[in-house]
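Undergrad: Pasting a structure here, questions to come.
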Amino acid sequence: MGGSGGHLTALIDWSLAQLHPGGRLVMTFILQENLHSALAHLRQSGIHEVDCQQLAVSTLATLGSGHYFKPHNPVFVIACQKEENHG
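Note that our numbering numbers the sequence shown so that position 26 is 6, with each residue one more than the last.
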């Protein structure tokens, strides 16, 4: 849902409308604000089963004569399932 241009909740609503009951919606975010907005909107939309994970990746890099894992910004993943009785 990155690059939603301020239309995040509308995109979520559209995506849920396209899904058959039992279908899964998976979204990725880098901004905390979008993550929290999506979680709140899913709750308000009657989606109860929501899985949220933070993925953090580090890349091995050289530092002087040694090595370290250089961290990258985390990515947040939300996965949910459209219930049988949803909209």
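Glycine residues also receive a C-beta, built at the ideal position from the N, C-alpha and C atoms.
Nothing here was measured: the structure is a model prediction, and the numbers come from that model.
Is residue 58 buried or exposed, if buried means 16 or more other CB atoms sit within 10 Å of its CB?
TA: buried
Undergrad: Closer than 6 Å by C-beta to residue 6: which residues in its own chain qualify, once you throw out the five before and the five after it? Chain order, please.
TA: Excluding positions up to five away in sequence, the list reads 59.
Undergrad: To the nearest angstrom, how far is it from the Cα of residue -5 to the Cα of residue 40?
TA: Each residue's Cα considered, the two are about 37 Å apart.
Undergrad: Let me check understanding here. Comparing Cα to Cα, which of 2, 14, 28 lies closest to residue 56?
TA: 14
Undergrad: Would you say residue 30 and residue 43 are within 8 Å of each other, going by their C-beta atoms?
TA: Cβ atoms of residue 30 and residue 43: not closer than 8 Å.
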